[in-house]
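Count along the sequence shown from 1, then add 10; that gives the number in our numbering.
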Amino acid sequence: MTAKKEKKSSKKVTEISLIAPTEQLAKRTLKIIKQRNEDINVFVPVSKEDALSDAINIAGNLVNNGAGILISRKGTAAAINEAKLNVSVIAINVSLSDYIDSIEIAKNANGVVAFFTYGEMIEDVKSICRMLDIDAKFYTFKTDKDCEIQVKNALKHGAVLGIGGVMTQKYADIYKLKHITIENSEAAINNAIDTAKQILQIQKEELQKQNDLKIQLERYKAVLNFTHDAIIAIDENGTIDVINHIAEKIAKVSPGYALGKNIKQIVRNTDMINSLSLKDKELNQLMDMNGTLVSTNRIPIIVNNEVKGVVATFQDVKVIQESENKIRRSLNEKGLYAKYSFKDIKGESSILNNTISIAKSYASSDSTILIRGETGTGKELFAQSIHNSSSRCDGPFVAINCASLSSNLLESELFGYVEGAFTGAVKGGKMGLFELAHKGTIFLDEIGEIPIEIQAQLLRVLQEKEIRKVGSTVRLPVDVRVITATNKDLIAAVKAKTFREDLYYRIGVLNLSIPPLRERKGDIILLSRFFFERNLGKDYINYLDRFYEVMKKVENYQWYGNIRELQNFVERICVMLRYQGTLYDFDQLIEDFLNNNNQIKIEAENATAAQSDKNLERWEADRIVNALKNNELSIQKAAEELGISRSTLWRKMKKYNI
11 MTAKKEKKSS KKVTEISLIA PTEQLAKRTL KIIKQRNEDI NVFVPVSKED ALSDAINIAG
71 NLVNNGAGIL ISRKGTAAAI NEAKLNVSVI AINVSLSDYI DSIEIAKNAN GVVAFFTYGE
131 MIEDVKSICR MLDIDAKFYT FKTDKDCEIQ VKNALKHGAV LGIGGVMTQK YADIYKLKHI
191 TIENSEAAIN NAIDTAKQIL QIQKEELQKQ NDLKIQLERY KAVLNFTHDA IIAIDENGTI
251 DVINHIAEKI AKVSPGYALG KNIKQIVRNT DMINSLSLKD KELNQLMDMN GTLVSTNRIP
311 IIVNNEVKGV VATFQDVKVI QESENKIRRS LNEKGLYAKY SFKDIKGESS ILNNTISIAK
371 SYASSDSTIL IRGETGTGKE LFAQSIHNSS SRCDGPFVAI NCASLSSNLL ESELFGYVEG
431 AFTGAVKGGK MGLFELAHKG TIFLDEIGEI PIEIQAQLLR VLQEKEIRKV GSTVRLPVDV
491 RVITATNKDL IAAVKAKTFR EDLYYRIGVL NLSIPPLRER KGDIILLSRF FFERNLGKDY
551 INYLDRFYEV MKKVENYQWY GNIRELQNFV ERICVMLRYQ GTLYDFDQLI EDFLNNNNQI
611 KIEAENATAA QSDKNLERWE ADRIVNALKN NELSIQKAAE ELGISRSTLW RKMKKYNI
């Protein structure tokens, strides 16, 4: 690294740069930088006559090109600071040790020795001069003009030698005063570099905090303005401090107008002010917002047990209606009928056959059924099969995923609404899914995700066998068989108060546990062969041997995604066989498949282990109880139905206190 003697350097600007008014300082600094392996550039002013102005120009160029910290001698650093270049400037301070050589020369001076310094003179220098009986006078200055005046004053006082810095050297040369320039020690330079690095690190940390804050702010703005809900937040005085674009549109105000104004000035009939005196959230409230009917939620902001504001979300009911219609059209396009029956359930394992046997017995009953099983085990397949084997097989089969809809939408989908229930309601109203399922079966998948406020209405339907549409006071009788399904631990949900206990017992009069594929090892090849033939059609026979080779390599895989995962894997094999042929090397495909599913496998294994303690044992106990009921408490017949020995059944009954 070399020092640049240019007014405008082409050298890459480093985060820290040092401006050296003297060649000696430049050389000493370069040596230190090399020893420390620092990325610092050193710049030397070209002009000897006006080095200070040149240093300021260099500093300006460095700042314009991205320099973050500048280092220079004390006087030069002060001049750069006075130029207000918006940069941190570190001064290389002068210590007593820097004066030692100069004082030795001053002892032999025949006359007054003038010591010049920017700012305050070091007191120890004065003390040493007195001890050595040096005829010394001390001059301080703050500006370039002051420096010139002090040099003149020194000459008037008979000075024969001047000791100072670069600025006094300039005027000493002009007025013919012999002068020694104090050079900074390596220790002083090292201290200045250390200080510069510390300040630079602080600057970077502050900049990172600012950037993080900007990112957080932009993320907040994006969430606020691109959500489908209108959002307004007020403080404890009712002043609006947050409002997004959708809320401004519904409230019919221009962007930014509402901020800082009282909520009543913007939303005439708002209840947000009343919510300030409450500590409970208010959900799914209908209100007129400046001429638009909306569904609103109001949530108090509570700090130290005091309400400090309220956040409200709003949804235009027309938008809700449009979403309802879209979802309803999608359901109608799928058809309200069950496509599958028990013959479509592939497998020969005893555990599957036992499950099918139990399901068939349930088909003859009208009691509610709770189907439990992991994702991908075929819960809806069993639900459709039960429907098609029941006396309701000629009636509709209506399925809905309870996790896919919000509370407002789910209520109107399940129970329907009457004409005029709210602004934008379809003329003539809408039939709910329970009404559509009259004389048939309704399948409520992911029942564990149903909102708590809908659970009470569902319980009432199950108890009273009547529905009441949104906006109506009339109760309509419905004749519907209800089948529900879940992959969650509903007992834990009951304990956590997120699922009603009375509803749990109401939907689970009959329980059906679907075994995971890893408990049906003998069915894996049968199922994969079925998917294989279905994918390749009559051409499957050309690839059958190769197919079995591939499946042999994954025979010990646990299939945590169950049948759905197996189906996807077989489809990959079929695609590669169809387009690559039997010579395709499937080892890489298998490796990629196993690697991609490794994390899922680990998580599933952990979940399965935990579930074994809490859920699977209970499911096994339920299965034993059902087998005993089905066989009038006959141990022998129940054991045969379960596919286990009598002694094993006795042991399990003792384990589960049956």
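In this text, a Cβ means the ideal position worked out from N, Cα and C, and glycines have one as well.
Candidates PRO461, GLY450, GLU390 and ARG478, of which the one nearest TYR427 by Cα = ARG478
What runs of the beta strand (DSSP E), each 3 residues or longer, lie entirely inside the region 403-449?
-> 407-411
Could you pull out every residue in the same chain whose Cβ sits closer than 7 Å to the Cβ of ALA413, ignoring the five residues on either side in sequence?
-> Only GLU456 and GLU459 meet the Cβ criterion.
With 16 as the cutoff for other CB atoms within 10 Å, does LYS180 come out buried or exposed?
-> buried
Can you list the alpha helix (DSSP H) stretches of 4 or more residues lying completely in the region 231-274, in chain order?
-> Segments of the alpha helix (DSSP H) lying fully in the region 231-274: 255-261.
Where does ARG574 fall in DSSP's three states?
-> helix
Through-space distance from ALA348 to THR451, alpha-carbon basis | 9 Å
Between the Cα of GLU529 and the Cα atoms of HIS255, SER367, GLU48 and GLU565, which residue gives the shortest distance?
-> GLU565
From ARG338 to GLU581, what does the alpha carbon distance come to, in whole angstroms?
-> Annotation note: pLDDT 49 at ARG338 (below 50); position unreliable, no value reported.
Identify which residue in ARG46, GLY129, ASN163 and ILE203 has its Cα closest to the Cα of THR80.
-> Checking the displayed sequence, the identity of residue 80 turns out to be Leu instead of Thr. Comparing Cα positions, the closest option is ILE203.
Buried versus exposed call for SER27 [16 or more other C-beta atoms within 10 Å across all chains shown] = buried
Taking only the alpha-carbon atoms, compute the straight-line gap between LYS224 and LYS231 and give it to the nearest angstrom.
-> Approximately 10 Å between the Cα atoms of the pair.
Inspect the beta-carbon positions of GLY442 and SER422 and report whether they are closer than 9 Å.
-> yes
Using CA coordinates, which residue listed in LYS440, LEU604, TYR267 and ASN307 is at the minimum distance from SER285?
-> ASN307
Within the 9 Å Cβ cut-off, does LYS328 reach chain D?
-> The structure shown contains no chain D, having only a single protein chain.
Using the rule of at least 16 other Cβ atoms within 10 Å of the residue's Cβ for burial, across every protein chain shown, is PHE324 buried or exposed?
-> buried
Could you tell me the boundaries of the alpha helix (DSSP H) in which LYS647 lies?
-> 645-652
Candidates ALA447, ALA116, VAL52 and ILE253: which alpha carbon is nearest GLY405's?
-> ALA447
Would you kindly report the start and end of the unbroken alpha helix (DSSP H) that includes THR365?
-> 360-373
Exposed unless 16 or more other CB atoms sit within 10 angstroms - verdict on ARG656 = exposed
Can the beta-carbon of GLN444 be found less than 9 Å from the beta-carbon of VAL490?
-> The sequence as given places Phe at residue 444; Gln does not occur at that position. Yes, they are a contact pair.
Closest residue to LYS136 among GLY129, PHE148, GLU215 and TYR128 (Cα-Cα distance) = Checking every option, the nearest Cα to that of LYS136 belongs to PHE148.
Give me the Cα-Cα distance between ALA314 and LYS289, rounded to the nearest whole angstrom.
-> According to the sequence shown, residue 314 is Asn rather than Ala. If I take the Cα positions, the gap works out to 12 Å.
Going by CA-CA distance only, name the one from VAL161, ARG574 and LYS214 that's closest to HIS189.
-> For the residues VAL161, ARG574 and LYS214, the minimum Cα distance to HIS189 belongs to VAL161.
Under 8 Å Cβ to Cβ from ASP245, same chain only, skipping five residues before and after it: list those, please.
-> ASP251, LYS318 and GLY319
Mind checking whether ILE634 and LYS662 have CB atoms under 9 Å apart?
-> yes
Exposed or buried, what is GLN45 when buried is set at 16 or more other beta-carbons lying within 10 Å of its beta-carbon?
-> Exposed, because fewer than 16 other Cβ atoms sit within 10 Å of the Cβ of GLN45.
Tell me whether the beta-carbon of SER395 lies closer than 9 Å to the beta-carbon of SER374.
-> The criterion of a C-beta distance shorter than 9 Å is not satisfied by SER395 and SER374.
Considering only the beta carbon of each residue, do LEU469 and THR494 sit closer than 9 Å?
-> no
Can you tell me where the beta strand (DSSP E) with LEU28 in it begins and where it stops?
-> 26-29
Spatial neighbours of SER264 in its chain, beta-carbon cut-off 8 Å, leaving aside the 5 residues before and after = GLU258
Endpoints, alpha helix (DSSP H) assigned at LEU346 = It is not in any alpha helix (DSSP H) - LEU346 carries neither H nor E in the DSSP assignment.
Which of helix, strand or coil does DSSP assign to LEU187?
-> coil
In the DSSP assignment, find the unbroken alpha helix (DSSP H) run with TYR149 in it and report its ends.
-> Note, TYR149: premise wrong, no alpha helix (DSSP H); beta strand (DSSP E) at 146-151.
For the alpha helix (DSSP H) containing GLU92, list its first residue and its last residue.
-> Start and end: 84-92.
Buried or exposed: HIS167, going by 16 or more other Cβ atoms within 10 Å of its Cβ?
-> exposed
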